[in-house]
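Here the structure is laid out as structure tokens; the discussion comes afterwards.
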Amino acid sequence: MHTAIVVHGGAGAGEELSAGCRSAAQAAAGALARGEQGLAAAIAAVLVMEDDERFNAGTGSALGLDGKTIEMDASVMDSRGTLGAVAILRSVRNPVLVARDVAKSPHVLLAGEGALRFARMMGHEAYDVVSDKARREHQKMLEKMATCEQPMAGVDNIEFERYWNYDGQPTFKAPHGCDTVGAVVRDADGHFAVAGSTGGSAPSLLGRVGDTPLIGSGFYAGADGAVAATGIGEYIMRNMLASKVYHWIAGGMDLHEALRRGIALVPPDADTGLIAVSKTQAGWLANASTPFAHL
Ligand code: ASP
Numbered sequence: 005m006h007t008a009i010v011v012h013g014g015a016g017a018g019e020e021l022s023a024g025c026r027s028a029a030q031a032a033a034g035a036l037a038r039g040e041q042g043l044a045a046a047i048a049a050v051l052v053m054e055d056d057e058r059f060n061a062g063t064g065s066a067l068g069l070d071g072k073t074i075e076m077d078a079s080v081m082d083s084r085g086t087l088g089a090v091a092i093l094r095s096v097r098n099p100v101l102v103a104r105d106v107a108k109s110p111h112v113l114l115a116g117e118g119a120l121r122f123a124r125m126m127g128h129e130a131y132d133v134v135s136d137k138a139r140r141e142h143q144k145m146l147e148k149m150a151t152c153e154q155p156m157a158g159v160d161n162i163e164f165e166r167y168w169n170y171d172g173q174p175t176f177k178a179p180h181g182c183d184t185v186g187a188v189v190r191d192a193d194g195h196f197a198v199a200g201s202t203g204g205s206a207p208s209l210l211g212r213v214g215d216t217p218l219i220g221s222g223f224y225a226g227a228d229g230a231v232a233a234t235g236i237g238e239y240i241m242r243n244m245l246a247s248k249v250y251h252w253i254a255g256g257m258d259l260h261e262a263l264r265r266g267i268a269l270v271p272p273d274a275d276t277g278l279i280a281v282s283k284t285q286a287g288w289l290a291n292a293s294t295p296f297a298h299l
């Protein structure tokens, strides 16, 4: 079986991140060349991007609207039966490794305080996630909101003031987001794997969970392929995008047609990207600038 790797660096992220996606895909290829399984390869790719501050995942995660809080989501799944995810996880360097550990536990998804305690118990040390990039991006977002530009498609900025649930008072007048990371892999044994990680979409309220840790929304892998989505989670979740695209492919639809139909489900102004591998094909598609790599 020919191996295949597709990596994305977040819907709406700049094309300048493509080189970072290539490095991530090469890390996955290195893992496969060492004989590791597809999931280890997908995780290797995501780790490279979690450790690269330019991506909105791990080290480069976006700040919450309060300018202090970072809550991260991540997931792993493969066609060998592995399934694990974390949501609203704070203060670890590599959420995707915690998701992998959750897959070994009796559960498939841990969130918040419990996820953090689990991470510490599994040896993931405390890590100060707030990067200078996140501070700069947060400042830019506040400036955008001050002009009442609407960075989140379909959401009036006033909603973030109305439902404000952080400590203190909002310091903005209105929202942006999205350079999440993900990887799908077909390994030499014909198994499929997906891994994803995000600092969430900005702006968001405290405790917001996106599509990235939700099976069938942000990710899916099975005997016929693997799919990952990126973009505004609220649209991806409503459409259960990864599951739909996977099942179209599993039903025999051409992979590129399945990606096209998937992207057509979300409004054109909601930045969205999809990556997928099947037994015979691999590809990606987005309705906005989105860095990808394919090996
Ligand atoms: N889908 C992620 C979320 O909504 C963000 C992204 O893909 O950029 O949390």
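Residues are numbered in the numbering used here as their position in the sequence shown, beginning at 1, plus a constant of 4.
All C-beta atoms, glycine included, are put in the ideal place defined by N, C-alpha and C.
Item	Value
Excluding the 5 residues flanking S27 on each side, which residues of the same chain have their C-beta closer than 6 angstroms to its C-beta?	V52
Would you call M5 buried or exposed, if buried means 16 or more other Cβ atoms sit within 10 Å of its Cβ?	exposed
Would a C-beta distance cut-off of 8 angstroms place A48 and T294 closer than the cut-off?	no
Only counting runs of 4 or more residues, tell me where the alpha helix (DSSP H) segments fall wholly within the stretch 94-138, in order along the chain.	99-106 and 116-125
Quick one: residues in its chain with C-beta nearer than 8 angstroms to the C-beta of M126, no 5 flanking neighbours on either side, listed in chain order?	V102 and D105
With DSSP as the reference, label G186 as helix, strand or coil.	strand
Does the stretch 203-221 come into contact with the stretch 234-244, if we say contact requires no fewer than three beta-carbon pairs (one atom in each stretch) closer than 8 angstroms?	yes
Take G229 as the anchor and find which of S205, A254, F164 and V213 has the nearest alpha-carbon.	A254
Give the single residue among D70, E40 and S95 whose Cα lies nearest to the Cα of Y167.	D70
Along the chain, where does the alpha helix (DSSP H) containing V80 start, and where does it finish?	No alpha helix (DSSP H) contains V80, which is instead part of the beta strand (DSSP E) from M76 to D82.
Taking the beta strand (DSSP E) that I279 falls in, what are its first and last residues?	T276 to S282
Helix, strand or coil for S247? Go by DSSP, reduced to three states.	helix
Please tell me whether D77 and A91 are closer than 8 angstroms, where the distance is taken between their beta carbons.	yes
Excluding the 5 residues flanking A225 on each side, which residues of the same chain have their C-beta closer than 7 angstroms to its C-beta?	M81, D82, S83, F196, A197 and V198
Quickly, what does DSSP pair I9 with across the bridge? List them, please.	V189
Over the uninterrupted alpha helix (DSSP H) stretch that includes V52, give me the two end residues.	G42 to E54
Ends of the beta strand (DSSP E) at L36?	Taken as a continuous stretch (DSSP letters only), L36 belongs to no beta strand (DSSP E), being part of the alpha helix (DSSP H) at S22 to A37.
Nearest to G172 by CA position, among T73, H128 and A262, is which residue?	T73
For G68, verify whether its CB is less than 7 angstroms away from any heavy atom of the ligand ASP.	no
Shortest alpha-carbon distance to A17 belongs to which of R58, L43 and A37?	R58
Considering only C-alpha positions, which residue in the set G85, S109, G68 and P174 is nearest to A138?	G68
From the DSSP output, in three-state form, read off H142 for me.	helix
For the ligand ASP, I want to know if S22 counts as a neighbour, meaning its beta carbon is within less than 7 angstroms of at least one of the ligand's heavy atoms.	no
Is DSSP giving F59 helix, strand or coil here?	coil
For L21 and A297, what's the separation of their Cα atoms in angstroms?	10 angstroms
Relative to the alpha-carbon of V188, which residue among K248, A46 and A23 has its alpha-carbon at the smallest distance?	A46
Where do the N-terminal and C-terminal ends of the alpha helix (DSSP H) with A262 fall, by residue?	L259 to A268
If distances are taken between C-alpha atoms only, which option among L289, E261 and G204 comes closest to A66?	G204
Please report the straight-line C-alpha distance between W288 and G42, rounded to a whole angstrom.	18 angstroms
As a quick exercise: from R94, A292, A262 and H142, pick the residue whose alpha carbon is nearest that of T202.	R94
Nearest to G235 by CA position, among Y250, D191, T175 and G266, is which residue?	G266
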